[in-house]
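S.K.: According to my numbering, the residues represented by the sequence shown are 1 to 260, in order. All C-beta atoms, glycine included, are put in the ideal place defined by N, C-alpha and C. All values derive from a computational prediction rather than experimental measurement.
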Amino acid sequence: MAWVGDTALIVMADGVGGQPLGGEAAEVVTNHAFRRLRRELPTAVGVEGVRTLLLSTVWSAAGSLSAEAQARGIRPSADGLRTTLILAVALADTYVVAWLGDGGACVLRGKAKTEQLLEPHKSPDAPTLLEASLGPETDGTPNWAIKPRQPGDTFLVSTDGVADRFDAAVAAKLHTAIARSKGHAKWALQDFLADLTRQKNAVGRFTFTDNVTAALVLTDGTPATAAPGAEKRGSIGAAQTVVVKTRHRDRTAARVGSSH
Numbered sequence: 001m002a003w004v005g006d007t008a009l010i011v012m013a014d015g016v017g018g019q020p021l022g023g024e025a026a027e028v029v030t031n032h033a034f035r036r037l038r039r040e041l042p043t044a045v046g047v048e049g050v051r052t053l054l055l056s057t058v059w060s061a062a063g064s065l066s067a068e069a070q071a072r073g074i075r076p077s078a079d080g081l082r083t084t085l086i087l088a089v090a091l092a093d094t095y096v097v098a099w100l101g102d103g104g105a106c107v108l109r110g111k112a113k114t115e116q117l118l119e120p121h122k123s124p125d126a127p128t129l130l131e132a133s134l135g136p137e138t139d140g141t142p143n144w145a146i147k148p149r150q151p152g153d154t155f156l157v158s159t160d161g162v163a164d165r166f167d168a169a170v171a172a173k174l175h176t177a178i179a180r181s182k183g184h185a186k187w188a189l190q191d192f193l194a195d196l197t198r199q200k201n202a203v204g205r206f207t208f209t210d211n212v213t214a215a216l217v218l219t220d221g222t223p224a225t226a227a228p229g230a231e232k233r234g235s236i237g238a239a240q241t242v243v244v245k246t247r248h249r250d251r252t253a254a255r256v257g258s259s260h
């Protein structure tokens, strides 16, 4: 996560569980996407230009991963090196998200309203089956979403370890963490994710056992018309990516950069 000019940029990848080299795949695509978007976001024209750039970057990241597989002699069908990818941008007045695979991107407005932007590429008949991912050969086609940004928004992007269990109770935990941190994104996100990893079910087993990674962008009641300077970020907007290790991790996430 980083600021690119006046834009908050989130690049998040999650290596596909049950297959080898997921962490390496996530690192390849995040490094590629971050380099390209740092270079090209400043010249993207309008929301449509950003949307087009994000979709193009998903495909070029897929090409980068395919080239890595060829260099390593990895076969498309059996040797892993697969990952998901989420690219999210918080412009001054708009969120733009493109993704391939699963995970989550949502906007919390007030205490009771959560608006989902990301629909994971999973089978409705088999919710644990991932229908799209990047790898030696890419499966599926990236999707995108656009939503207006409003004062008071909380924008959360996460791996499926968070997103698949994100309900009203989890949203309440996030609101509590933000209030406790007095709007400091890094502290709020660390508190929130640590709380999730401590949560147990009725028989004493940990609830959140998959990879728990998230990025948080906060907008206070003042319209966010530009990326705040270092001395103003606490009051106008804040952003941070945090990774918290869970007790069991079948998937490995990668994220690049941070700012708050």
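1. Report the rounded CA-to-CA distance for Ala92 versus Val203, giving the unit in angstroms.
2. Roughly how many whole angstroms lie between the Cα atoms of Asp164 and Gly22?
3. Would you mind stating whether Lys111 and His184 have Cβ atoms separated by less than 8 Å?
4. When the distance is taken between beta carbons, is Val16 closer than 8 Å to Phe34?
5. What's the gap between the Cα of Pro20 and the Cα of Trp187?
6. What number of angstroms, rounded off, separates the C-alpha of Asp6 from the C-alpha of Phe192?
7. Among residues of its own chain, excluding the 5 on either side of Ser158, which ones have a beta-carbon nearer than 7 Å to its beta-carbon?
8. Runs of 3 residues minimum, wholly inside the segment 82 to 168: which ones carry the beta strand (DSSP E) assignment?
9. Return the CA-CA distance between Gly275 and Asn31, expressed in angstroms with no decimal places.
10. So, for Gln116: in the same chain, excluding its five sequence neighbours on each side, which residues have a beta-carbon less than 6 Å away from its beta-carbon?
11. For Phe206, write down the residues that DSSP places opposite it in a beta bridge.
12. Could you give the distance in angstroms between the alpha-carbon of Leu81 and the alpha-carbon of Gly101?
13. Leaving out the 5 sequence neighbours to the left and right, which residues in its chain are closer than 6 Å to Leu216 when beta-carbon positions are compared?
14. Is it right to say Leu85 is buried, meaning 16 or more other beta carbons lie within 10 angstroms of its own, or is it exposed?
15. If you run the structure through DSSP and keep just helix, strand and coil, what is Ile178?
16. Please state whether DSSP places Val50 in a helix, a strand or coil.
17. On a CA-only basis, which of Asp79, Arg36, Gly161 is nearest Asp14? Give me that one, please.
18. Are Leu261 and Leu41 closer than 8 Å when you measure CB to CB?
19. Are the Cβ atoms of Leu65 and Gly135 separated by less than 8 Å?
20. Taking Cβ positions, are Pro76 and Glu137 nearer each other than 8 Å?
21. Would you mind stating whether Ala90 and Trp144 have Cβ atoms separated by less than 8 Å?
22. Which of the three DSSP states is assigned to Ala13 in this structure?
23. If you follow the beta strand (DSSP E) that Thr43 is part of, which residue opens it and which one closes it?
24. Just to confirm my understanding: we take Ile74, look at its own chain, exclude 5 residues before and 5 after, and list those with CB closer than 7 Å. What are they?
25. Going by the DSSP bridge assignment, what does Val4 pair with across the sheet?
26. Would the beta-carbon of Val96 fall within 8 Å of that of Val58?
27. For Asp22, which of helix, strand or coil comes out of DSSP?
M.R.: The relevant details are as follows:
1. One-based indexing of the sequence shown puts residue 92 at position 92. One-based indexing of the sequence shown puts residue 203 at position 203. Going from the Cα of Ala92 to the Cα of Val203 covers about 45 Å.
2. For the purposes of this step, residue 164 is taken as residue 164 along the sequence shown, with counting starting at 1. For the purposes of this step, residue 22 is taken as residue 22 along the sequence shown, with counting starting at 1. Cα to Cα, the separation comes out at about 19 Å.
3. The sequence position of residue 111 within the sequence shown is 111, counting from 1. The sequence position of residue 184 within the sequence shown is 184, counting from 1. The answer is no: Cβ separation not under 8 Å.
4. Locating residue 34 in the sequence shown gives position 34, counting from the first residue. Locating residue 16 in the sequence shown gives position 16, counting from the first residue. No; because the gap between Cβ atoms is not below 8 Å, this pair is not in contact.
5. The count along the sequence shown starts at 1 and reaches residue 20 at position 20. The count along the sequence shown starts at 1 and reaches residue 187 at position 187. One C-alpha to the other measures close to 33 Å.
6. Here residue 6 is taken as the residue at index 6 of the sequence shown, counted from 1. Here residue 192 is taken as the residue at index 192 of the sequence shown, counted from 1. Counting only the Cα atoms, Phe192 lies some 26 Å from Asp6.
7. Position 158 of the sequence shown, counted from the start, is the residue given in the question as residue 158. Gly103, Gly104, Thr213, Ala214, listed in sequence order.
8. If you keep only unbroken beta strand (DSSP E) runs of at least 3 residues inside the segment 82 to 168, you get 83 to 90, 94 to 100, 104 to 109, 113 to 116, 126 to 130, 143 to 148, 154 to 158.
9. Residue 275 lies beyond the residue range present for the chain, which begins at 1 and ends at 260; the question has no answer from this structure.
10. Reading the sequence shown from its first residue, position 116 is the one you call residue 116. Contacts found: Cys106.
11. To locate residue 206, count along the sequence shown from 1; it is residue 206. BP columns for Phe206 point to Lys200.
12. Taking the sequence shown and counting its residues from 1, the one referred to as residue 81 is at position 81. Taking the sequence shown and counting its residues from 1, the one referred to as residue 101 is at position 101. Straight-line spacing of the CA atoms in Leu81 and Gly101 works out to 14 Å.
13. As a first step, residue 216 is located in the sequence shown; it is residue number 216 there, counting from the start. The answer, listed in chain order, is Leu156, Ala185, Leu189, Gln240.
14. For this step, residue 85 is matched to residue 85 along the sequence shown. Of the residues assessed, Leu85 falls on the buried side of the cut-off, its CB having 16 or more other CB atoms within 10 angstroms.
15. Reading the sequence shown from its first residue, position 178 is the one you call residue 178. Assigned with DSSP and collapsed to three states, Ile178 falls in helix.
16. Residue mapping note: residue 50 aligns to position 50 of the sequence shown, counting from 1. Three-state result, Val50: helix.
17. Numbered from its first residue, the sequence shown carries residue 14 at position 14. The shortest Cα separation from Asp14 among Asp79, Arg36, Gly161 belongs to Gly161.
18. The structure shown does not extend to residue 261, since the chain spans only 1 to 260, so no value can be given for it.
19. Residue numbering aside, residue 65 sits at position 65 when the sequence shown is read from its first letter. Residue numbering aside, residue 135 sits at position 135 when the sequence shown is read from its first letter. A Cβ-Cβ contact shorter than 8 Å links Leu65 with Gly135.
20. Translated into positions along the sequence shown, residue 76 becomes position 76. Translated into positions along the sequence shown, residue 137 becomes position 137. For the 8 Å CB-CB criterion, Pro76 and Glu137 form a contact.
21. Counting from 1 along the sequence shown, the entry for residue 90 is found at position 90. Counting from 1 along the sequence shown, the entry for residue 144 is found at position 144. Ala90 places its beta carbon 8 Å or farther from that of Trp144.
22. The count along the sequence shown starts at 1 and reaches residue 13 at position 13. Strand, per DSSP.
23. Working through the sequence shown from its first residue, we reach residue 43 at position 43. For Thr43, there is no enclosing beta strand (DSSP E), as DSSP marks it with neither H nor E.
24. On the sequence shown, position 74 is the one that residue 74 refers to. So the qualifying residues of the chain are Leu81, Pro136.
25. Start at 1 with the first residue of the sequence shown, and residue 4 comes out as number 4. The bridge partners DSSP lists for Val4 are Thr7.
26. The residue you call residue 96 lines up with position 96 of the sequence shown. The residue you call residue 58 lines up with position 58 of the sequence shown. Not closer than 8 Å, so no.
27. For the purposes of this step, residue 22 is taken as the residue at position 22 of the sequence shown. In the sequence under discussion, the amino acid at residue 22 is Gly, which differs from the Asp named in the question. Helix.
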